[in-house]
Amino acid sequence: MWTRNWHRSRLTIVLGTLLAASGLPATILAREPDPTTGDPQAKTIQFKAPGSQAVATARAIVVVPRSYTDKNTAEHRYPVVYLLHGYSGNQTDWYQHSKTARKPLAALADRFGAIIVCPDGRFSSWYLDAPSDAENPADWQMETTIIKHLIPEIDRQYRTWAEPDGRAIVGLSMGGHGALYLAARNADHFAACASMSGVMDLRHSTKSYDLAKRLGAIEQHADRWTEASAITFVEKFAGRKIGIMIDCGWDDPFMADTRKVHEKML
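Be aware that the sequence shown starts at 55, since it is given in the numbering used here, and climbs by one per residue.
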């Protein structure tokens with residue numbers, strides 16, 4: 055069991071390794087129905103979630119270390135890493151492409167003794183709760199889906215370290231934004247967060263990427279775009295004991311904004 059004295063640095067190392075191993079481009083179209091079939095360490099789960107339908111559900115892939123089913127570890131509880139995909143993806147992205155990069159999530163779960171959870175961010179949710187005047191808002195309550203529904207469901211189904219010290223969240227591109235956004239807004243949920251090529255200022259996105267559908271047109275709702283941008287909400291991390299990692303390539307269009315966010319955190 056990880057001790058409280060070093061869990062944050064340990065979780066941050068785990069996040070960095072996951073990012074380095076991903077081999078993922080920022081935009082991925084992965085649409086296999088259930089790639090976990092036949093994998094003894096992985097499973098696709100469905101759970102209740104907000105939505106316009108009477109019985110709405112969401113999906114996630116859960117990967118456990120081999121030790122999870124060992125009789126000798128029957129009482130052991132595991133830390134959980136929540137892994138968010140980028141724009142246009144779904145819950146299969148990290149699972150599929152980590153195998154392509156020859157560093158499958160199962161191997162990383164084994165290496166670090168952690169459960170890895172890959173939720174479906176629904177193509178372009180931006181991991182936000184859409185306001186009531188947005189397009190189909192009931193179907194785009196992703197912050198609520200993850201914080202109020204997915205995390206409790208994972209803690210119910212699996213032997214997790216079910217407290218903030220046992221959770222981390224990481225993402226790529228749209229998911230990088232989501233990881234920082236959810237960690238900043240939910241201080242009582244995560245001990246570490248990480249972003250790779252995350253969109254740090256939604257107002258500077260070179261394309262809409264459905265942001266207007268989630269937040270409303272920037273011309274009418276500039277305040278929403280500002281408040282939902284890391285360049286603004288990163289101030290919520292001030293004074294908190296949380297491990298944070300931000301990674302961005304030199305030639306990435308988000309590099310300038312990433313540097314600004316880093317400077318604000320110093």
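Virtual Cβ for every residue (Gly too), placed ideally from N, Cα, C.
Check	Outcome
Identify whether V109 lies in helix, strand or coil by the three-state DSSP scheme.	coil
In the DSSP output, which residue or residues are listed as bridge partners for S249?	G225 and I300
Would you call the stretch 152-159 in contact with the stretch 262-270, where contact means no fewer than 3 C-beta pairs closer than 8 Å?	no
So what's T312 in DSSP terms, helix, strand or just coil?	helix
Looking at the strands, I want to know which residues DSSP matches up with T98.	I115
Could you give the C-beta distance for M250 and V315, rounded to a whole number, given that I count them as a contact under 8 Å?	Contact flag wrong, Cβ pair sits at about 13 Å.
Just mark V224 as buried or exposed, buried being the case when its beta carbon has 16 or more other beta carbons within 10 Å.	buried
From R165 to D183, what does the alpha carbon distance come to, in whole angstroms?	34 Å
Count Cβ pairs between the stretch 185-192 and the stretch 238-246 that sit closer than 8 Å; are there 3 or more?	no
Below 8 Å, how does it come out for the stretch 196-209 and the stretch 139-154: are there three or more Cβ pairs, yes or no?	no
Does P173 come out as helix, strand or coil in the three-state DSSP assignment?	strand
Which residues in the same chain have their Cβ closer than 6 Å to the Cβ of A237, if we skip the five residues on either side of it in sequence?	I223, F244 and C247
Please report the residue range of the alpha helix (DSSP H) in which L256 lies.	L256 -> no alpha helix (DSSP H), and no H or E assigned at all.
Report the option in R113, G140, A161 and Y132 whose CA atom is closest to the CA atom of R95.	The sequence shown places Gln at residue 95, not Arg. Selected option, being the one with the closest Cα: A161.
Measure from the alpha carbon of P133 to the alpha carbon of each residue in D311, E197, G140 and V116, then state which is nearest.	V116
Would you tell me roughly how many angstroms separate the C-alpha atoms of G293 and L320, rounded to the nearest one?	12 Å
Quick one, are the C-beta atoms of V171 and L137 less than 9 Å apart?	yes
Using the Cα positions of D306 and N126, report the straight-line distance between them to the nearest angstrom.	46 Å
Where does D124 sit, in a helix, a strand or coil, going by DSSP?	coil
Less than 9 Å between the C-beta atoms of T286 and C302, yes or no?	no
When the distance is taken between beta carbons, is D174 closer than 9 Å to R113?	yes
Just mark A276 as buried or exposed, buried being the case when its beta carbon has 16 or more other beta carbons within 10 Å.	exposed
Please determine, among P87, G252 and A284, the residue with the shortest C-alpha to C-alpha distance to H139.	G252
Tell me, which residues are paired with T214 by DSSP?	Y132
In terms of alpha-carbon separation, which member of Y181, R257, A233 and S179 lies closest to T280?	R257
According to DSSP, which residues form a beta bridge with L138?	G225
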